[in-house]
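Protein chains in written order, with the numbering used here: chain F, 9 to 321; chain S, 31 to 331.
Beta carbons: idealized from backbone N, C-alpha and C, even for Gly.
Working notes, structure below.
Below, the structure is given as structure tokens:
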């Protein structure tokens with residue numbers, strides 16, 4: 009519908025005199041319409057369209073060509089029995105569970121360190137802290153793969169220097185996931201740091217002064233003033249990070265390709281491989297819908313917890 | 031959360047708030063606690079964050095034989111540009127660079143323009159159409175692109191955009207973050223300005239392009255840089271849309287290097303470093319537009 013309007017509207021803007029425009033569209037109807045019509049068209053085409061298509065594909069056995077046959081909820085029923093799907097989803101949850109706290113602590117530490125009044129070299133530190141933001145997920149994966157190479161990596165070299173045997177960073181599934189967790193915290197810290205800096209700047213300095221007069225030490229100040237004051241930002245950061253980690257794909261592709269074997273295959277990679285390499289579009293769409301539901305549940309739980317606990321943390 | 035200042039440029043310096051904590055105390059131990067400890071903490075973190083990058087960068091200047099020979103040394107014993115030369119010779123680096131540049135630049139220009147017009151309309155006009163659109167764009171933040179990967183591919187393919195750079199560009203133009211950044215900014219521009227211009231007889235389009243866009247330049251720049259970074263580093267959409275290696279963007283090309291059975295590390299290291307250069311230059315030039323807290327405008331809405 010929006011496409012037909014697109015072809016129609018510009019002609020009107022150019023040709024019709026202002027009076028007629030007013031009568032037909034009312035005061036300032038045409039301008040806002042023209043300002044937004046392209047956005048709306050793109051939104052419908054690349055967002056609503058695929059969303060609706062995805063939902064309907066999930067009820068069919070569509071393979072990317074030919075006719076799709078309606079199969080009802082068969083795809084979902086099959087998903088329930090699919091162990092590789094559970095494996096991928098479970099591994100993703102484990103990954104999020106460990107990487108979110110680490111990412112949170114790292115970015116908060118960076119923000120606090122940058123906000124300390126008396127530390128030196130803050131401008132330089134700020135620029136360096138922000139560099140990982142520029143590094144693409146693929147290159148992040150390459151960087152950490154290089155650091156944690158089993159026979160040539162810097163970390164194993166250090167371990168051997170102090171007399172250890174070198175750890176199997178890429179052939180052991182759990183160690184491999186640990187590297188992914190470190191890399192994701194490193195790569196995502198800069199953006200969250202910005203959110204925290206903005207929040208820290210909004211904490212009234214008078215709180216700190218009053219507490220200092222009462223003899224509070226630095227840890228008490230942080231625990232009892234800073235943390236409660238930035239609680240809304242903390243919720244936001246944890247929520248955004250969790251949702252981001254659930255969608256991890258590119259970085260782990262470059263770091264270990266979901267390996268060893270398929271043990272670290274996360275959910276988006278599962279959807280990608282099912283849909284594009286095995287071209288089971290219907291089945292992959294059903295998995296996508298499950299992922300969507302999981303993402304929504306995570307968002308709802310976190311918003312609910314943050315509402316309930318209020319400022320208690 | 032809207033700041034009262036009309037030009038966000040004034041808030042770009044988000045240096046830590048000045049504190050009135052200079053209560054004279056005991057010297058000596060106090061000095062240690064107050065100056066040295068925070069500085070050490072800061073620089074330990076800097077070291078942790080910078081080390082992976084530094085190690086990577088220095089390794090890219092080592093000759094292939096030195097990369098794997100123990101003992102490893104932090105600085106290359108034998109500086110060489112061999113990996114970089116190979117990256118241009120053996121990998122069609124310039125072609126991927128060109129593709130990435132086209133995708134990132136065109137998308138960024140379209141994104142800034144469309145997000146500005148949409149954000150402006152959402153902030154300054156009222157009608158049912160706009161309310162619905164605003165809600166739709168908000169819902170876009172809930173439904174991530176990864177969830178609609180397969181149907182998105184079908185749509186792109188049926189539009190005949192498969193394997194063309196246009197297929198990577200068009201679907202990513204509208205971003206909710208960009209729209210909300212502009213909406214947030216234009217809400218802070220007083221309506222009186224708009225009324226005055228209307229009374230002077232300026233058309234709606236002239237008001238937007240002549241008055242509002244120049245005002246919004248800092249936001250436009252911020253969004254331009256963020257959007258360029260997003261599109262430059264994009265992986266999943268180019269991966270599904272671009273099938274022919276001739277059309278690969280840098281990220282896809284790097285992925286095929288790292289996905290090979292026998293990774294050619296010296297080429298991979300050099301190509302990765304090269305792929306980051308444009309962004310690093312952009313960042314160093316426009317640093318203050320990114321690290322300002324304006325980024326939060328859309329998110330914290």
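Does the CB of residue i have a neighbour CB from chain S at under 8 Å?
i	result
residue 299 of chain F	yes
residue 47 of chain F	yes
residue 377 of chain F	Given a span of 9 to 321 for chain F in the structure shown, any question on residue 377 of chain F remains unanswerable.
residue 151 of chain F	yes
residue 306 of chain F	no
residue 292 of chain F	yes
residue 250 of chain F	no
residue 234 of chain F	no
residue 160 of chain F	yes
residue 204 of chain F	no
residue 136 of chain F	yes
residue 283 of chain F	yes
residue 140 of chain F	yes
residue 67 of chain F	no
residue 261 of chain F	yes
residue 279 of chain F	yes
residue 59 of chain F	yes
residue 107 of chain F	no
Assuming residue i contacts residue j (C-beta within less than 8 Å), just tell me the rounded distance between them.
i	j	result
residue 193 of chain F	residue 81 of chain F	Between residue 81 of chain F and residue 193 of chain F the Cβ distance is about 39 Å, and since that is not below 8 Å, they are no contact.
residue 83 of chain S	residue 151 of chain F	7 Å
residue 126 of chain F	residue 64 of chain S	5 Å
residue 127 of chain S	residue 280 of chain S	6 Å
residue 121 of chain S	residue 198 of chain S	About 20 Å separates the two Cβ atoms, so there is no contact after all.
residue 137 of chain F	residue 315 of chain S	In fact, because the Cβ distance is near 18 Å, the residues do not count as touching under 8 Å.
residue 274 of chain F	residue 100 of chain F	5 Å
residue 51 of chain F	residue 116 of chain F	Contact doesn't hold; Cβ gap of about 35 Å is too wide.
Can you have a look at residue i and say buried or exposed, based on whether 16 or more other CB atoms are within 10 angstroms of its CB?
i	result
residue 138 of chain S	buried
residue 172 of chain S	exposed
residue 313 of chain S	buried
residue 303 of chain F	buried
residue 130 of chain S	buried
residue 232 of chain F	exposed
residue 166 of chain F	exposed
residue 263 of chain S	buried
residue 271 of chain S	buried
residue 100 of chain S	exposed
With distances taken between CB atoms, is the gap from residue i to residue j smaller than 8 Å?
i	j	result
residue 253 of chain S	residue 141 of chain S	yes
residue 187 of chain F	residue 299 of chain F	no
residue 155 of chain F	residue 85 of chain S	yes
residue 251 of chain S	residue 203 of chain S	no
residue 77 of chain F	residue 90 of chain F	no
residue 238 of chain F	residue 276 of chain F	no
residue 260 of chain F	residue 266 of chain F	yes
residue 195 of chain S	residue 259 of chain S	no
residue 306 of chain S	residue 140 of chain F	no
residue 333 of chain S	residue 255 of chain F	As displayed, chain S neither begins before 31 nor continues past 331, which places residue 333 of chain S out of reach and without an answer.
residue 40 of chain F	residue 160 of chain S	yes
residue 290 of chain F	residue 107 of chain F	no
residue 176 of chain F	residue 258 of chain F	no
residue 184 of chain S	residue 61 of chain F	yes
Does residue i come within less than 8 Å of chain F when only Cβ atoms are used?
i	result
residue 225 of chain S	no
residue 220 of chain S	no
residue 82 of chain S	yes
residue 126 of chain S	no
residue 317 of chain S	yes
residue 285 of chain S	yes
residue 201 of chain S	yes
residue 241 of chain S	no
residue 64 of chain S	yes
residue 193 of chain S	no
residue 214 of chain S	no
residue 141 of chain S	no
residue 208 of chain S	no
residue 93 of chain S	no
Please report whether the beta-carbon of residue i lies at a distance below 8 Å from any beta-carbon of chain C.
i	result
residue 109 of chain S	Absence of chain C from the displayed structure is noted, the protein chains being F and S.
Touching by the beta-carbon criterion (3+ pairs, under 8 Å), the region 202-217 of chain S and the region 91-106 of chain F: Touching, no, given that fewer than three Cβ pairs across the two stretches are closer than 8 Å.
Three CB pairs or more closer than 8 Å across the region 241-253 of chain F and the region 103-112 of chain F: In this structure the region 241-253 of chain F lies against the region 103-112 of chain F, because at least three pairs of beta carbons, one per stretch, are closer than 8 Å.
Touch test, the region 218-236 of chain S against the region 181-191 of chain S, Cβ-Cβ under 8 Å, three pairs minimum: Taking 8 Å as the limit for Cβ pairs, the verdict is that the region 181-191 of chain S does not touch the region 218-236 of chain S.
Three-pair Cβ contact test at 8 Å for the region 281-300 of chain F versus the region 206-225 of chain F: Short answer: they don't touch.
Stretch pair the region 292-302 of chain S + the region 107-120 of chain S: three plus CB contacts closer than 8 Å: Three or more beta-carbon pairs separated by less than 8 Å link the region 292-302 of chain S to the region 107-120 of chain S, which places the two stretches in contact.
Cβ contact check for the region 278-285 of chain F and the region 196-215 of chain F: 3 or more pairs under 8 Å: Too few Cβ pairs lie closer than 8 Å, so no.
Stretch pair the region 158-165 of chain S + the region 91-110 of chain S: three plus CB contacts closer than 8 Å: Contact between the region 158-165 of chain S and the region 91-110 of chain S is absent, because fewer than three Cβ pairs lie under 8 Å.
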